[in-house]
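A short worksheet on the structure shown next.
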């Protein structure tokens, strides 16, 4: 039996090739919204980021999403995408008992 080929995509910021499932898809929808696509199936032009905070900053500095999505992406949108990704990754993280850090 043949092994399946894992689809690879390139992070628009750091230019690393990684498995598609491990990257964040940012999509420009047909109605010109720019948002994170956690399913990877939304209609529109997509670009991929690896999810490291440094890659969000690098993409913002280099205007990488502007080029990949062929649309102007405001600095506020980059910041919002980074906040959305942090929120989504926190929600989808498996529960691991108590959180590490200070107690309130």
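Numbering (our numbering), first residue to last: 568 to 671. C-beta: ideal position from N, C-alpha, C; glycine also. Please read all numbers here as calculations on a predicted model, not as lab measurements.
Below 7 Å CB to CB, which residues in the same chain sit around residue 610 once its five sequence neighbours on both sides are set aside?
-> 596 and 597
Taking residue 585 as the reference, which of 619, 655 and 603 has the closest Cα?
-> 619
Out of 589, 623, 582 and 612, which has the shortest C-alpha to C-alpha gap to residue 642?
-> 623
Straight-line Cα distance separating residue 625 from residue 602 | 18 Å
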